[in-house]
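Everything below concerns the one structure shown next.
Residue numbers (the working numbering): -7 to 762.
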C-alpha cells in the first residue's frame, strides 16, 4: 500500500506506462547483438580472459532479459496496480543486470584490463546505449536511475582510478551527463503523461457526448456549412428507418425529406413546405418548429436552430402520443364523455359562432329537453342504468343532428338543440314534434325495458334581437311550464312565462328576507293517540304570511327554499321554536319536527338539535325528528351515522311518508327507528278497498314486532278512523278530522281534551267484540 501511495500517476495511466517497457524487443535484441559482438572483438584483439567473462555475462543477461520481454509483451494487460507493479519489478531486475554488464565492460576496459581500443569501444557502446534510456524506460523512473548509475558510475570510477588529473576531471564530468539523462527521461515521461491524460479526457468527453447524443429521445442531425449532415444520432436513424446514424452522414435536408416522399409518408407539397421552413430557420438563426402529420397516422415535430461554427441543428421526434393526448384533451374539453355530444361550453361556442355569421334577420330556435322522472331510474335501478338511458336518448338525438341543427348534452338528463334557420313558428313546431316522435318508444338497457319520456321548452327568436344565454333562459322557462302542465310534451316560450319567472325571483328575494328576519311562524298539527283519543304529540309545520300576497302555501315556498339552499335555515328556525313551545306543554305531549335531506348532509344537524334542546330546556325524549326517505337515499351510511348520534342524545326518530319510496322496507331493520308514519295515500280508499286495508294491516303487523310505533297520516273522515280503530289498530293517527293546525297556545289548551270520537270508537269496538 505504501508503494502505491508513492506512485503519483493514476492507475489507468500507470498501466500503459508499464506496458511500454515491454513493447520493443527488436531494438533491444539488436543492441544486445552489437554489444556482445563488440566485446568479442575486444577479446579477439587483447586475448584477455576478462573480456571472455564479460562476453559470457552479456549472453546470459541477453537471454534472460529478452525472455522476460517476450513473456509480458504478448500477455494481457495488467488488471490492477499491483499486477503492473510486479511486471515493472521484473523489468527492473533484468534491466539492472544489463546495465551492470555495460558498466562492468567499461570498468574493465578503462582500468582493470586497460587497452586503448577496449576503452574506446566500451565507452562508445555504453554511451550509445545510454541515449536510449529515456526513450525506452520513461515508463519506470526507477529503471532510468538504475541504468544511469550502472552505466555511468563505472566509467567515472575507471577514469578516477587512472590517477592523473585529466582522467580525474573526465571522471567527474559524468555527473552532469547523469543529470541530463535523468532530466530528459523525466521530461519525456511528463510530456507523454500529459498527452495520455488529455487523450483520455478527450475520449471520456467523446464517450459522454456520444452517449448523450445516442440516448436522446429526439432525433438530432447537425448540418455542416455545405448543408449536409455532419453529425447524427441513433434516434435520428431509427426515426428515418435507417440502420445506423452513419447512413445519415452526407445527406441534405432535401434528401432526408425525400425519403418520406418515396415511402409514401409525405406529400411532395408537404416536403417543400417543411424544407422551406427549416431552411429559413437555419438561415435566420431563429428557432422554428414544424409539426408534420404522416400518412400512417404518426406525427413528427421538427425544430431547427442555427448552431455554432456554421453548424445548423435540426431535432425531431415522434410526437404521436402527445398529439393524440392533446386531441383527446381537446375532445374531452368540448364533448360529453358519456354521449359524445358537444358539452355545454362547446355548444355555447358553436351556437355563438353560428348566430354571429349569416343573415342577422333570420329566425333561429333553441329547445331544451329534460327526461321525465329520470331520478327514479337512478334511485331504483342504479346510475349505470341511468347512464345507459341517457346514452340511448343521445343516440336518437345525434341521428337528427346535421347542418343547421346542433345537439348538445348540457349535463344530467338535460339536452339542448339549436335550429340555425327557422321559417316560422309552425316550422319549429313541426321539427320539435318530429324529434319527440323519434324519442318515443322503449329501449333496452342491460335487460331493463325503459320507456323514454321527456319534456321540452323552446324559444323562437330573431338573431339580431337575442343571444345564446337569453335563449337558454327562455327555453328553460318554457320547459318549467311544460313540466308544470303534466310533462311528456313541450311548450313554446311566451312573454307571460317571463313575467312568472320574474315574480318567482321576487318571491325568492322576499322569502330570503322573511327567513333572515324570522318572519315565518310555526303551527302544530295534532297527533292523537288511538287508545285515548288525546293529543299525544304534534307535528311542527312552517307557515309564511307574505305582506302583499297573504299566506303562501308550503307547497310553494318550501321547494323555493330548497332551490335557494336556505331550507336548513328554515329547519333550524322550526326546530328551535318547536322545542321552546313544547317545553311549556304538559309532560305527556311531545313535538315532531321534519328535517330536510340537506340537513342530513352535514353533521351540523347534531349540534343544531343539541342547541335547541339546551336553550329550551326540553327533555330529549319529548322531541321526535322526522326523516324523509330522500335523506336516506342521498347517503345511507352517513345518514345512519347521524341518526345513531341523535339516538344517543335521547331524541326519537320517525320515518316520514313511509311507503311512498322504493325501498322503505329495508330501512325497518337497518336503521335505529322508533316510529314509522304511513303516508296518506294508503288511507284514501281504505273504506272501499279490501286490498288497501290488508296492506295497512300488514305494515302495522310488520312494524310492531320490531318495536316500532305506527302513525297513520291523512285521516279525514270518521269512517276512516273507525276502520283504523277496528281493523288496523295503529298507535297514533293524524289528519284534518282532528282540525287544522293549531298555534302553540292552542295545543297547550287542547292537550288534555278527549276528542268526541272516543265514545263512538269505544261503542264500535264493543259491537265488534259482541
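Where a beta carbon is used, it is the ideal one built from N, C-alpha and C, also for glycine.
For the pair of segments examined, the segment 447 to 457 was found to touch the segment 484 to 494: the number of CB pairs separated by less than 8 Å reaches three. At a Cβ-Cβ threshold of 9 Å, residue 74 and residue 132 do not count as neighbours. Rounded to the nearest whole angstrom, the C-alpha separation of residue 437 and residue 328 is 20 Å.
Under the three-state reduction of DSSP, residue 739 is assigned to helix. Going by DSSP, residue 650 is part of the beta strand (DSSP E) stretching over 644 to 650. One thing to note: residue 463 has its Cβ no nearer than 9 Å to the Cβ of residue 473. Runs of the alpha helix (DSSP H) spanning 4 or more residues and lying entirely within the segment 33 to 75 occur at 41 to 65, in chain order.
Judged by beta-carbon spacing, residue 62 lies within the 9 Å limit of residue 17, meaning their Cβ atoms are closer than that value. Between residue 727 and residue 707, the CB-CB gap stays under 9 Å. Rounded to the nearest whole angstrom, the CA to CA distance from residue 479 to residue 409 is 18 Å. The continuous stretches of alpha helix (DSSP H) do not include residue 520, which lies in the beta strand (DSSP E) extending over residues 513 to 521. Of 358, 289, 304, 295, the smallest CA-CA separation from residue 313 is found for 289.
Contact between residue 572 and residue 528 is ruled out by a C-beta separation of about 20 Å, above the 8 Å threshold.
Contact between residue 134 and residue 84 holds, with the beta-carbon distance rounding to 6 Å and staying under 8 Å. With fewer than 16 other CB atoms across the displayed protein chains lying within 10 angstroms of its CB, residue 36 is exposed.
Annotated three-state conformation of residue 234 is coil, per DSSP. The continuous stretches of beta strand (DSSP E) do not include residue 602, which lies in the alpha helix (DSSP H) extending over residues 596 to 608. Residue pairing by DSSP places residue 271 in no beta bridge whatsoever. Excluding its 5 nearest sequence neighbours in each direction, residue 612 has C-beta neighbours in its own chain below 7 Å: 605, 641, 642, 643, listed in chain order. Contact between the segment 373 to 388 and the segment 345 to 359 is absent, with fewer than three C-beta pairs closer than 8 Å. Rounded to whole angstroms, the separation of the alpha carbons of residue 249 and residue 260 is 9 Å. By the beta-carbon neighbour count (other beta carbons within 10 angstroms, threshold 16), residue 116 is exposed.
Taking a cut-off of 8 Å for Cβ pairs, the segment 679 to 692 and the segment 737 to 745 do not touch, as fewer than three such pairs fall below it. According to DSSP, residue 310 shares a beta bridge with 292. A Cβ-Cβ contact shorter than 9 Å links residue 87 with residue 57. Per DSSP, residue 444 lies in no alpha helix (DSSP H) and is assigned neither H nor E. Per the C-alpha coordinates, the member of 211, 78, 539, 243 positioned closest to residue 222 is 243.
In the same chain as residue 535, and ignoring 5 residues on each side of it, the C-beta atoms closer than 6 Å to its own belong to 513, 515, in chain order. Separation of residue 576 and residue 736 (C-alpha to C-alpha, rounded to the nearest whole angstrom) is 9 Å.
Relative to the Cα of residue 746, the nearest Cα in the group 697, 163, 520, 542 belongs to 520.
For residue 411, the enclosing beta strand (DSSP E) begins and ends at 406 to 414. In this structure residue 756 is in contact with residue 714, their Cβ atoms being roughly 6 Å apart against a cut-off of 8 Å.
Within a 10 Å sphere around the beta-carbon of residue 121 sit 16 or more other beta-carbons, which makes this residue buried. Non-local C-beta neighbours of residue 622 in its own chain, meaning closer than 6 Å and more than five positions away in sequence, comprise 589, ordered along the chain. In the DSSP assignment, residue 224 forms a beta bridge with 213. The three-state secondary structure of residue 580, taken from DSSP, is coil.
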